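K.L.:
The structure that follows is given in the form of structure tokens.
Residue numbers (the working numbering), protein chains in the order written: chain A, 1 to 180; chain B, 181 to 321.
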């Protein structure tokens, strides 16, 4: 009898090891949008890297600032050279946890992702409402949040102060597939 | 006297309009035309990946924001939001070069086959797990 239990537990353990835990996304989408009376500015990044560990609920997201593409070349140049200083801080990094990941299902996909967002050499703790859909082996995470430009010590020259919003909307859509 | 004032006024208006035209021109400056731009650096997949593996910062200072022409073997072609991504791989390393193609190239990308050798020109934006290239076009051999 004891032996049977032992075999059962060993099988369970082996199953745990081989079941998929790491999910990866290499071409995720993140965009930001600034609305002001003068103009609307939008930039898209389709090269976002994101890794989810379903065992711990950990999520790690990285993107290159230079991968943000703007409609106007001059805006993209100013963004990289003067505002976020991409030559000094080429990446934006988020490290955090998806709360209650194990309890999420198709009816209940709303949750909160909490962690540290590092942009322009500044770390800020953020907590973001997100939709986490787990469907046939894929994890899709989407949502949006507002972020204040000043918290990351990004200086906007007074000439264009009216063209750029103080609070910017960030939208994300990440579709993770099992990593093997 | 009156005549002189009018002349000054016309002069000022001309100067202002020239300034305005210059500013507008700058504001609407188009993106770099990859097709017409000569590549700054020509490199193959293996060398590019090795340089990034050895020293990411140094490789960044050399390649980022430059027009790069890269030759390699296609390991994967994917379509994301209507835009195609060609992954170039080197057999000696696990990372690869991900080339995000301009939408104009969609039709030409459809003709490509896996494991074929191609040359791509685009702008390097840096390195995550792979080297990332944006605004890429195919270069005819």
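Idealized CB from N, CA, C, for every residue including glycine. Quick caveat: nothing in here was measured; it's all calculated off a predicted structure.
1. Counting only Cβ-Cβ distances shorter than 8 Å, please list the residues of the region 118-143 of chain A near chain B, keeping chain order.
2. Counting C-beta neighbours from all protein chains within 10 Å, is the total for residue 176 (chain A) 16 or more, i.e. buried, or is it exposed?
3. To the nearest angstrom, report how far apart residue 32 (chain A) and residue 229 (chain B) are at their CA atoms.
4. Measuring CB atoms only, is the region 208-224 of chain B touching the region 288-303 of chain B, in the sense that at least three cross pairs come out at less than 8 Å?
5. Compare the beta carbon distance of residue 286 (chain B) and residue 264 (chain B) with 8 Å and say whether it is the shorter of the two.
6. Does the ligand NAP have even one heavy atom less than 7 Å from the beta-carbon of residue 203 (chain B)?
7. Report the start-end ranges of each beta strand (DSSP E) in the region 122-180 of chain A that is 3 residues or longer and not cut off at the edges.
8. Measuring only the C-alpha atoms, how far is residue 277 (chain B) from residue 262 (chain B)?
9. Who are the Cβ neighbours of residue 117 (chain A) in its own chain at under 7 Å, not counting the five residues just before and after it?
10. Measuring CA to CA, which of A:73, A:52, A:46 is closest to residue 208 (chain B)?
11. Would the beta-carbon of residue 68 (chain A) fall within 8 Å of that of residue 44 (chain A)?
12. Which residues does DSSP pair with residue 118 (chain A) in a beta bridge?
13. What residue from A:100, A:121, A:27, A:164 has the CA that sits closest to residue 55 (chain A)'s CA?
14. Just to confirm, is the Cβ distance from residue 290 (chain B) to residue 49 (chain A) under 8 Å?
15. Are the C-beta of residue 269 (chain B) and some C-beta of chain A separated by less than 8 Å?
16. Provide the residue span of the alpha helix (DSSP H) that contains residue 231 (chain B), from first to last.
17. Between residue 232 (chain B) and residue 189 (chain B), what straight-line distance do the alpha-carbon atoms span, to the nearest angstrom?
18. Tell me which residue opens and which closes the alpha helix (DSSP H) that residue 184 (chain B) is part of.
19. Relative to the C-alpha of residue 170 (chain A), which candidate in A:179, A:130, A:139 has its C-alpha closest?
P.N.:
Walking through what the data contain:
1. none
2. buried
3. 30 Å
4. yes
5. yes
6. For the ligand NAP, the structure offers nothing, since it holds no ligand at all.
7. 122-135, 138-148, 167-178
8. 20 Å
9. 94, 124, 126
10. A:73
11. yes
12. A:93, A:123
13. A:100
14. no
15. no
16. 225-234
17. 59 Å
18. 182-207
19. A:130
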